[in-house]
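For the sequence shown, full-length UniProt numbering assigns the number 1 to the initial residue and increments by one for each residue that follows. Working notes for the structure below.
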Amino acid sequence: MEQQVLLSAQELLAHLESIKNKDEVCLRTPIQVFVANIINQTLFGFSYKYDKCERLMSVVDEITEVFKELKASKLTLIGQAFPAIYRLPFVGYMAKDRIHNMLSGTRRLIIEDCERALKSYSPDQEPECLVQAAAINELQRRANIVQQNATHRTVKETSVGGFKIPADTLVLGDIHHVLGYSPIYKDAHEFRPERFLMDDGITANTEAVEQLCPFSIGKRQCAGEALARVELFIGVVTLLQHYKIEPAKAHPIDLEPIPAVALFPKEQPLRLVPLTH
């Protein structure tokens with residue numbers, strides 16, 4: 001799995017190198033293709049070319065619109081999903097007989113590949129690059145796009161932090177609040193990677209690391225966390241090894257997200273300055 005991420009990262013670098021005008025580059029599409037190619041190559045044996053990715057990006061754009069519609073609607077998530085799902089182009093493509101014949105086999109392959117990926121990697125395998133790891137942790141904390149966790153229900157009476165919660169209570173965890181307002185992260189509105197290191201600058205701050213939960217926690221945490229961690233580390237480090245990333249001239253960075261079911265970052269041009277080695 002790590003080799004596939006490395007290969008996709010090299011393809012991303014080749015694409016960025018081919019861009020003539022690096023003074024105004026939007027990284028949204030390249031990063032989408034970088035991540036999608038890892039999954040597509042692993043599960044289905046194919047990948048998209050960066051100059052021929054219209055089909056992929058059309059699906060991404062339609063899914064984004066669905067999430068925006070869900071946020072604007074007063075209906076529940078499931079109730080609005082079915083009227084909005086017509087926007088997804090692959091739904092019209094897959095007729096009922098294709099769904100019946102393909103889904104069981106596809107589901108089995110996805111489960112097998114996900115299990116293989118999870119077994120092939122663990123956080124303990126990450127290299128000892130604590131400064132880079134601290135920066136990536138702070139990126140996940142500060143740029144978290146998940147507002148709320150999946151819905152849960154208590155099956156018996158319990159207590160959390162001294163508060164009693166009756167049985168059969170709907171529980172909704174607020175990941176965004178934990179990452180943005182926890183007392184563990186002082187001055188949480190500031191981007192400070194050093195908060196994940198001790199005063200010596202070389203030892204991990206375990207309290208801050210343990211509080212970080214961008215993939216949720218417990219039995220319902222994200223099944224793709226292992227793959228996402230590899231993609232983040234290799235993708236970010238690879239980019240920073242080859243480019244200095246700056247705001248484009250006359251285009252100040254706007255970090256205010258687009259509110260929806262998820263917090264989408266705004267598209268904005270960046271200046272890529274190649275580094276000499």
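All residues carry an ideal CB built from backbone N, CA and C; glycine is no exception. As the structure is a computational prediction, the values presented were derived from the model and not from experiment.
Can you grab the Cα-Cα spacing for the pair residue i / residue j, in whole Å?
| i | j | result |
| --- | --- | --- |
| residue 144 | residue 20 | 32 Å |
| residue 166 | residue 132 | 43 Å |
| residue 234 | residue 170 | 38 Å |
| residue 158 | residue 219 | 17 Å |
| residue 18 | residue 29 | 15 Å |
| residue 230 | residue 150 | 23 Å |
| residue 77 | residue 276 | Low confidence applies to residue 77: its pLDDT is 47, below 50, so where it sits in the model is not reliable, and the reading given next is rough at best. Distance between the alpha carbons of residue 77 and residue 276 is about 49 Å. |
| residue 44 | residue 4 | 13 Å |
| residue 27 | residue 160 | 42 Å |
| residue 267 | residue 225 | 25 Å |
| residue 66 | residue 265 | 16 Å |
| residue 156 | residue 163 | 14 Å |
| residue 56 | residue 172 | 32 Å |
| residue 222 | residue 214 | 9 Å |
| residue 63 | residue 54 | 14 Å |
| residue 152 | residue 236 | 33 Å |
| residue 247 | residue 254 | 10 Å |
| residue 238 | residue 245 | 12 Å |
Specify, as a first and last residue, the run of the beta strand (DSSP E) that residue i falls within.
| i | result |
| --- | --- |
| residue 272 | 270-274 |
| residue 246 | 243-247 |
| residue 151 | 151-153 |
| residue 146 | Where residue 146 is concerned, there is no enclosing beta strand (DSSP E), given that its DSSP letter is neither H nor E. |
| residue 212 | Here residue 212 belongs to no beta strand (DSSP E), and DSSP marks it neither H nor E. |
Can you tell me the Cβ-Cβ gap for residue i and residue j, rounded? I've got them flagged as a contact below 8 Å.
| i | j | result |
| --- | --- | --- |
| residue 196 | residue 178 | Residue 196 to residue 178, Cβ: 15 Å. No contact. |
| residue 25 | residue 272 | 5 Å |
| residue 242 | residue 274 | 7 Å |
| residue 14 | residue 34 | About 11 Å separates the two Cβ atoms, so there is no contact after all. |
| residue 68 | residue 260 | 5 Å |
| residue 41 | residue 60 | Contact doesn't hold; Cβ gap of about 17 Å is too wide. |
| residue 48 | residue 36 | 6 Å |
| residue 130 | residue 202 | 6 Å |
| residue 192 | residue 256 | About 20 Å separates the two Cβ atoms, so there is no contact after all. |
| residue 176 | residue 147 | 5 Å |
| residue 168 | residue 154 | 7 Å |
| residue 141 | residue 181 | The Cβ separation is near 11 Å, so there is no contact. |
| residue 1 | residue 227 | 7 Å |
| residue 16 | residue 136 | Residue 16 to residue 136, Cβ: 20 Å. No contact. |
| residue 134 | residue 194 | 7 Å |
Does DSSP classify residue i as helix, strand or coil?
| i | result |
| --- | --- |
| residue 58 | helix |
| residue 31 | helix |
| residue 258 | strand |
| residue 49 | strand |
| residue 267 | coil |
| residue 204 | strand |
| residue 192 | coil |
| residue 250 | coil |
| residue 18 | helix |
| residue 41 | helix |
| residue 184 | coil |
| residue 133 | helix |
| residue 224 | coil |
| residue 217 | coil |
Taking the DSSP output, what are the residues bridged to residue i?
| i | result |
| --- | --- |
| residue 8 | Bridge partners of residue 8: none, in fact. |
| residue 160 | 163 |
| residue 170 | 153 |
| residue 25 | 270 |
| residue 197 | 204 |
In the DSSP assignment, find the unbroken alpha helix (DSSP H) run with residue i in it and report its ends.
| i | result |
| --- | --- |
| residue 180 | 175-181 |
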